[in-house]
Amino acid sequence: MVGYAFMGAAHSQGWRTVSHVFDLPLRPVLAAVAGRDRSAVHTAAARLGWAAAETDWRALVTRDDVHLVDICTPGDLHAEIAVAALDAGKHVLCEKPLANSVAQAEEMCAAAARARRRGTVAMVGFNYRRIPAVAHARRLIAEGHVGTLRHLRFTYLQDWLVDPGAPLTWRLQREHAGSGALGDLGAHIVDLAQYLSGERITEVSALTETFVRERPQLAVATGGGRGIPSGGLGPVTVDDATLFNGRLASGALASFEATRMATGRKNALRFEINGERGSLAFDLERLNELSFHDHTDPSSRAGFRRVLVTEPDHPYLRAWWPPGHALGYEHTFTHQAHDLIEAIARGTEPEPSFADGLQVQRVLAAVEESARENAALVPVPAPVPAVD
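Under the working numbering, residues 36 to 423 are what the sequence shown spells out, in order.
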């Protein structure tokens, strides 16, 4: 694994627990973690359960005991690490968003296609697909319980940047993060919209804004948005918030809001999907629940019903606890590890693939283009069929 902060800790939790929960054809061994700070990476290796530590990610790519490289770094390093690992014959899991630009994502997809022909796979880490309630929502849509989709509404609201004294971390610098709330939070809800609907977003109209344009610089960053202040201010070069409308290939309409400036909202990812036969609603802060309205019911008993997604026939739940015993955020990473290991063992393409990540990147790029053009309607390029 490359990187050991927030996402590195979450991914490590998934790798540590997956074979204790699921019966798997392969068992992951946590061989080595890489980070630039020798003392910090050795401390992280001991805490997170890794057998060894490296200070250069290139050492992981050349190690004979490493068969999969898990990338948990800022986005500006994703392409270089992923391409090198895939070309070296390593499977790859890469955190979202796939890259900082469409060009980088295309390069990564090309490397994944080359590797796939040699039996090596690559997956992008959109972990919210692995929430049982979200996977169940997709199943209900695919089975026709909602009918033809008409409206989709997605929001992802946080408030950790409301304080103008919050420090200038890498997530606020375009050269490292690519974009702000758009790539950090918007990537998740774009992926969920396309995953749940089974359709791609074809055009968008967007607005973005940066409300705090300068923040305290850090002389030394210590991870998790903390560090030692330098005493000066530096420019914020990404968006604080983004709003956009979109259209799906079928003609269904979708709206999206992503912000890190929504006072009082800590991790509020929500969606509602309306179709001709019914509707679904979900709130990450109540992640074991799915609301479902069956519009074919007579009006005397119509209305949203609360579905507690903890039954053995719900996605992923057969491996866990008796019905009614809730799961949490960390379990999504265990499910992610399970799905990737199964794909490697079967020799199948994992989902979401790098091609799925590229499609999200194309939507994000269209959103930024639209915002630059005062909310002009911008088409999202269609995927180009792969050629062997």
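Glycine is no exception: its CB is placed at the ideal position from the N, C-alpha and C atoms.
Values in this document were obtained by computation on a predicted structure and should not be read as measured data.
Residue i burial status per 10 Å Cβ neighbour count (16 or more: buried)
i, result
"K301", "exposed"
"L362", "buried"
"S285", "exposed"
"G382", "exposed"
"E130", "buried"
"L61", "exposed"
"V118", "buried"
"A417", "exposed"
"G313", "buried"
"W50", "buried"
"S388", "buried"
"W356", "exposed"
"G110", "buried"
Straight-line gap, residue i to residue j (C-alpha atoms, nearest Å)
i, j, result
"D332", "G182", "14 angstroms"
"G233", "T78", "42 angstroms"
"Q193", "Y230", "22 angstroms"
"D423", "R149", "With a pLDDT of 48 at D423, under the threshold of 50, the predicted position of this residue should be treated as unreliable, and no value is reported."
"H55", "A337", "42 angstroms"
"D275", "A147", "32 angstroms"
"A172", "Q48", "25 angstroms"
"E408", "V402", "10 angstroms"
"G269", "A222", "26 angstroms"
"H366", "V395", "24 angstroms"
"V197", "T277", "15 angstroms"
"Q252", "G70", "22 angstroms"
"D72", "L128", "22 angstroms"
"A400", "A114", "17 angstroms"
"P167", "G392", "21 angstroms"
"H211", "P132", "12 angstroms"
"L227", "A170", "10 angstroms"
"G213", "V156", "25 angstroms"
"V104", "R82", "19 angstroms"
"E320", "L343", "14 angstroms"
"R164", "R174", "12 angstroms"
Whole-angstrom C-beta distance between residue j and residue i, which should lie under 8 angstroms
i, j, result
"A216", "R295", "5 angstroms"
"G38", "T108", "4 angstroms"
"D219", "R206", "6 angstroms"
"F57", "A354", "5 angstroms"
"E89", "A67", "6 angstroms"
"G281", "A289", "4 angstroms"
"L412", "E292", "At roughly 18 angstroms, the Cβ-Cβ gap does not stay under 8 angstroms, so L412 and E292 are not in contact."
"N162", "F317", "About 15 angstroms; that fails the 8 angstroms criterion."
"P202", "R250", "6 angstroms"
"G310", "R185", "6 angstroms"
"L59", "H360", "About 22 angstroms separates the two Cβ atoms, so there is no contact after all."
Start and end residues, alpha helix (DSSP H) containing residue i
i, result
"S334", "S334 -> no alpha helix (DSSP H), and no H or E assigned at all."
"L217", "Neither: L217 is in no alpha helix (DSSP H) and is coded neither H nor E."
"A94", "W92 to T97"
"A401", "F389 to R407"
"A380", "H366 to R381"
"A79", "R73 to L83"
"A45", "F41 to V56"
"A228", "A222 to S232"
Enclosing beta strand (DSSP E) for residue i [first to last residue]
i, result
"F279", "A276 to L283"
"T237", "I236 to E244"
"A67", "A67 to A69"
"A361", "Neither: A361 is in no beta strand (DSSP E) and is coded neither H nor E."
"E346", "Note, E346: premise wrong, no beta strand (DSSP E); not H, not E."
"A87", "A87 to E89"
is_contact[residue i, chain B] using C-beta, thresh 9 angstroms
i, result
"E142", "Protein chains in the displayed structure number just one, and chain B is not present."
Residue ranges of each alpha helix (DSSP H) run of no fewer than 4 residues wholly in the region 131-193, ordered along the chain? 137-151 and 167-177
Residue ranges of each beta strand (DSSP E) run of no fewer than 3 residues wholly in the region 290-330, ordered along the chain? The qualifying runs are 303-310, 313-318 and 324-329.
Only counting runs of 3 or more residues, tell me where the beta strand (DSSP E) segments fall wholly within the region 103-129, in order along the chain. 103-106
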